[in-house]
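The structure appears right after this line, and notes come after that.
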Amino acid sequence: MTHTYKVSGMTCDGCIAKVSHLLKQVPGVTGVEINLEKGEADISMEMHITTTTLRAALKEYPKYQLTEASGHNMQSHREEHNVFATVPAPQRTWLQTYKPIVLIFLYITAVSIICSYKNNAIDFMVAMRIFMSGFFLTFSLFKMLDLKAFASSYAMYDIVAKQMPAWGYIYAFVELSLGLAYAADFAPLATNVVTAVAMSVSLIGVLQSVLQKKKIQCACLGAVFNLPMSTVTIIEDALMI
Numbered sequence: 009m010t011h012t013y014k015v016s017g018m019t020c021d022g023c024i025a026k027v028s029h030l031l032k033q034v035p036g037v038t039g040v041e042i043n044l045e046k047g048e049a050d051i052s053m054e055m056h057i058t059t060t061t062l063r064a065a066l067k068e069y070p071k072y073q074l075t076e077a078s079g080h081n082m083q084s085h086r087e088e089h090n091v092f093a094t095v096p097a098p099q100r101t102w103l104q105t106y107k108p109i110v111l112i113f114l115y116i117t118a119v120s121i122i123c124s125y126k127n128n129a130i131d132f133m134v135a136m137r138i139f140m141s142g143f144f145l146t147f148s149l150f151k152m153l154d155l156k157a158f159a160s161s162y163a164m165y166d167i168v169a170k171q172m173p174a175w176g177y178i179y180a181f182v183e184l185s186l187g188l189a190y191a192a193d194f195a196p197l198a199t200n201v202v203t204a205v206a207m208s209v210s211l212i213g214v215l216q217s218v219l220q221k222k223k224i225q226c227a228c229l230g231a232v233f234n235l236p237m238s239t240v241t242i243i244e245d246a247l248m249i
């Protein structure tokens with residue numbers, strides 16, 4: 009059977025994925041299909057599940073409010089849909105979509121070159137160290153602006169965070185620590201090893217999501233920007249390694 013509910017507070021594909029993920033955790037729920045434009049969720053279930061139970065699944069995120077839709081539609085034999093098969097977002101150009109990450113890359117690159125330029129030459133080792141520091145400090149900042157939302161988004165695709173949700177919180181501080189370590193040129197070998205391991209593990213989850221064509225929000229800039237998971241995310245993680 010399938011019931012239709014109103015869900016307010018959703019603004020992007022990341023919200024769709026998050027709400028779908030949370031509702032799928034309710035015992036008895038077999039499928040979730042969300043229409044962002046209408047603010048509706050069609051929930052397929054093995055047996056009747058009370059609205060109170062479904063609301064409880066979203067209680068950690070009060071901005072999402074679930075209520076029964078007008079008429080509370082039910083279809084007994086509706087085909088089950090994939091949790092990520094949602095209404096596509098309005099079309100945007102590549103530059104419009106990835107403008108935040110492109111600007112950050114250009115800013116950090118410019119600062120790295122300027123700070124490493126001396127004696128009419130660029131010290132590429134210093135430039136790379138400054139770039140890595142700027143990368144980790146900037147990205148950890150955006151994650152910490154809404155740490156809870158980042159951890160939730162990260163757990164949707166990271167192989168470690170899926171098993172241990174607390175890793176999403178820890179990861180933001182790992183990035184901060186790496187940024188400070190690169191800035192201070194502290195234990196370069198150890199810092200590089202930790203970076204390679206952390207980014208390699210993150211890359212695995214990104215690859216799985218992109219190859220499976222899951223339409224979820226990339227958590228690289230936390231929950232502040234709505235960046236879709238894509239090849240760009242793979243390149244970003246791979247370059248850091």
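Each number in this note's numbering comes from the position in the sequence shown (counting from 1) with 8 added on. Where a beta carbon is used, it is the ideal one built from N, C-alpha and C, also for glycine. Only a predicted model underlies this, so the values are computations on that prediction, with no experimental measurement involved.
Listed in chain order, the non-local C-beta contacts of residue 77 below 7 angstroms within the same chain comprise 12, 13, 14 and 48, local neighbours out to five positions each way being set aside. Remark: fewer than three beta-carbon pairs, one from each stretch, lie closer than 8 angstroms, so the region 173–181 and the region 122–135 are not flagged as touching.
Cβ contact annotation for residue 170 (same chain, cutoff 7 angstroms, sequence separation greater than five): 163, in chain order.
Counting only residues of its own chain and dropping the five nearest sequence neighbours on each side, residue 129 has no CB closer than 6 angstroms to any other CB.
141 is the residue among 172, 219 and 141 whose C-alpha sits nearest the C-alpha of residue 189. By the Cβ-count criterion, residue 214 is buried, with 16 or more other Cβ atoms from all chains shown falling within 10 Å of its own Cβ. Residue 185 and residue 50 have their C-alpha atoms spaced approximately 43 angstroms apart. Under the DSSP assignment, residue 27 falls in the alpha helix (DSSP H) whose first and last residues are 21–32. Shown here, residue 183 sits in a helix according to DSSP, grouped into three states.
In this structure residue 151 touches residue 158 by the C-beta definition: roughly 5 angstroms separates them, less than 8 angstroms. In this structure, the CA atom of residue 38 is about 5 angstroms from the CA atom of residue 52. Residue 173 has its alpha-carbon roughly 15 angstroms from the corresponding atom of residue 154.
With distances taken between CA atoms, residue 24 lies nearest to 74 out of 202, 146 and 74. Looking only at 62, 10, 175 and 138, the smallest Cα-Cα distance to residue 156 is reached by 175. Only exposed fits residue 167, as fewer than 16 other CB atoms lie within 10 angstroms of its CB. Judged by their CB atoms, residue 148 and residue 26 are not nearer to each other than the 7 angstroms cut-off. A direct Cα-Cα distance of roughly 56 angstroms separates residue 9 from residue 137. If you keep only unbroken alpha helix (DSSP H) runs of at least 4 residues inside the region 117–144, you get nothing at all. Residue 54 and residue 33 have their C-alpha atoms some 13 angstroms from each other. DSSP places residue 10 in the uninterrupted beta strand (DSSP E) bounded by 10–16.
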